[in-house]
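Residue numbers (this note's numbering): 298 to 431. A virtual CB, placed ideally from N, CA and C, is assigned to each residue, including glycine. Only a predicted model underlies this, so the values are computations on that prediction, with no experimental measurement involved.
This is how it looks when you write it as structure tokens:
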């Protein structure tokens, strides 16, 4: 999958896959969830190398939840503590599980392992590996 395809799946095409034309666009009546990166960051850098520290602003339903790289959350320390407790429980559970043993050419289901030559993420002609259109 190309970086342009990944970007489109995370934005506009992700909303279309859910049959939600109000997702992944900035338009009147659309869900107002917006993430703002530095304007000099190319798509490849955002998809391949970015982390939460690179995000400047985040708006959810039209309201800032992160502004100037700082979270805006009521009772943040309480939320953080509850998250850490839950994360430790999940980690402990997964540490107890054995790794799956792959004994044949098939996965845990009846589908055979293999490689997908490419993933088409664009409606109509094309496959998403060309120029990016937003």
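Could you pull the start and end residues of the beta strand (DSSP E) that residue i belongs to?
{"i": "residue 331", "result": "331-334"}
{"i": "residue 320", "result": "No beta strand (DSSP E) holds residue 320; DSSP gives it neither H nor E."}
{"i": "residue 364", "result": "360-364"}
{"i": "residue 369", "result": "Looking at the DSSP string, residue 369 is not in any beta strand (DSSP E), and its letter there is neither H nor E."}
{"i": "residue 300", "result": "Per DSSP, residue 300 belongs to no beta strand (DSSP E); it is in the alpha helix (DSSP H), 300-307."}
CB-CB under 6 angstroms to residue i, same chain, minus the five flanking residues each way: which ones, in chain order?
{"i": "residue 388", "result": "none"}
{"i": "residue 308", "result": "321"}
{"i": "residue 327", "result": "319"}
Assuming contact is defined by CB atoms lying nearer than 8 angstroms, are residue i and residue j in contact in what I supplied?
{"i": "residue 344", "j": "residue 314", "result": "no"}
{"i": "residue 340", "j": "residue 301", "result": "yes"}
{"i": "residue 370", "j": "residue 362", "result": "yes"}
Ends of the alpha helix (DSSP H) at residue i?
{"i": "residue 385", "result": "373-393"}
{"i": "residue 357", "result": "Premise fails: residue 357 lies in the beta strand (DSSP E), 352-357, not in any alpha helix (DSSP H)."}
Ordered along the chain, which non-local residues of its own chain (more than five positions away) have a Cβ less than 8 angstroms from that of residue i?
{"i": "residue 373", "result": "none"}
{"i": "residue 429", "result": "Residue placement at residue 429 cannot be trusted, given a pLDDT of 49 that sits under 50; the coordinates are not used to answer."}
Measuring only between beta-carbons, confirm whether residue i sits less than 8 angstroms from chain D.
{"i": "residue 343", "result": "Among the chains of the structure shown, chain D does not appear; only one protein chain is present."}
Three or more C-beta pairs below 8 angstroms linking the region 350-357 and the region 326-335: yes
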